[in-house]
Amino acid sequence: MKNQKNTQKKIKISIEPIGKRVLLEGPTNGLDAIIDAGIGIKSVCAGKGTCGKCRILIMDKDRKAPNSQETKILTGDEIDHGVRLACQQIFDRDLKIYIPASSLSEEQKLQVKGEEREFDIDPPVKKFHIKLKRASLDDLDSDFTRIRDTLKSEYDISTDHIDIETLKIMPEIIRKSSWDITVSVRNMEVVNIEAGDKTTTSYGLAVDLGTTKIAILLVDFATGETIDSRGIMNPQISFGEDVMSRLNFALQDAENLEKIKSVVIRRIS
2 MKNQKNTQKK
12 IKISIEPIGK
22 RVLLEGPTNG
32 LDAIIDAGIG
42 IKSVCAGKGT
52 CGKCRILIMD
62 KDRKAPNSQE
72 TKILTGDEID
82 HGVRLACQQI
92 FDRDLKIYIP
102 ASSLSEEQKL
112 QVKGEEREFD
122 IDPPVKKFHI
132 KLKRASLDDL
142 DSDFTRIRDT
152 LKSEYDISTD
162 HIDIETLKIM
172 PEIIRKSSWD
182 ITVSVRNMEV
192 VNIEAGDKTT
202 TSYGLAVDLG
212 TTKIAILLVD
222 FATGETIDSR
232 GIMNPQISFG
242 EDVMSRLNFA
252 LQDAENLEKI
262 KSVVIRRIS
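Numbering (this note's numbering), first residue to last: 2 to 270.
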């Protein structure tokens, strides 16, 4: 009788966003498997699960419940979305995991810059410096009416409403600044009021929501220059690896749609 070879199926671990596939002979500690694959992952507690540096995302839906050490270190929101500690995980089945840049020993430099081009600057929010006529017993127009009329007469800008939060602070700012203010306008709406001339300090965030990464750029609206940029992991990956999977999840019910939207808002914030 011929000797039969061991045909035990190997365990396949797919590691994103690195794009590496690892085959394990048998159940293996997650941290050890990642390190053995040549990937530098943080772990200053020598795998005891106390530092929380080796966070990974289990992308499979049939993820195991966290152990007692993981529940001490991870937040409830992280646990719900599949975050675990690599050193506390046993890779005993085929898995797809995601290692965020913050867990890598040499943080990934996510490319968020492209080719610089010259273009006309036309930001969605524009600032206008105006000096209002003081209110008096002979001139009882409201503060907003004064702003609206001055913007129209000096800049030919039409505004028909004002943000509620801006409305609350408007009277105090106008009077403390001696009726000398800067008004921010977006789509015919006054969205902010500042004391004095602040037209040279106007910034905005440009956000590119990608499948696995989010690129965030701080832009100077006055010059069009990119002041700073950063790349972060898109947390929506816990709801599906590709866009169609996430759309399917979001379309199941309104609660799912709110979940997949709120995780991005919290991550960017």
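Virtual Cβ for every residue (Gly too), placed ideally from N, Cα, C.
Three-way DSSP call (helix, strand, coil) for residue i in this model
i	result
Q5	Model confidence at Q5 stands at a pLDDT of 48, short of 50, so the residue's coordinates are unreliable; what they give is reported in the following sentence. Coil.
S44	coil
R135	coil
V265	helix
K127	strand
S179	coil
T72	helix
L284	The chain is shown only over 2 to 270; residue 284 falls outside these bounds and no answer can be derived.
D254	coil
N235	coil
Residue i to residue j span [Cα, whole Å]
i	j	result
K9	G232	Per the sequence shown, the amino acid found at residue 9 is Gln instead of Lys. About 41 Å.
M234	S103	9 Å
S137	N257	54 Å
F222	M245	35 Å
S178	E166	18 Å
C88	S106	15 Å
I16	V191	48 Å
M189	R64	49 Å
I122	T72	49 Å
Neighbourhood of residue i by C-beta, 6 Å cutoff - its chain only, sequence neighbours within 5 removed
i	result
Q90	G31
R147	L133
D130	Here the sequence assigns His to residue 130, which means Asp is not the residue at that position. T183, D198 and T200.
Q70	G50 and Q89
K128	T183, S185, T200 and S203
Residue i, buried or exposed, once every other Cβ within 10 Å from all chains shown has been counted against 16
i	result
A251	buried
K262	exposed
D93	exposed
L210	exposed
H82	buried
I163	buried
L141	exposed
Own chain, CB closer than 7 Å to residue i, minus 5 neighbours either side, in chain order
i	result
K13	R22, L24 and D95
R247	Q237, F240, G241 and I261
G205	P124, V126, V220 and F222
C46	C52
Proximity test, Cβ basis, 8 Å: residue i and chain D
i	result
V264	The question asks about chain D, but that chain is absent: this structure has only one protein chain.
Tell me the start and end of each unbroken beta strand (DSSP E) in the segment 7-32 that is at least 3 residues and wholly inside, in chain order. For the segment 7-32, whole beta strand (DSSP E) runs of length 3 or above, ordered along the chain, are 12-17 and 21-25.
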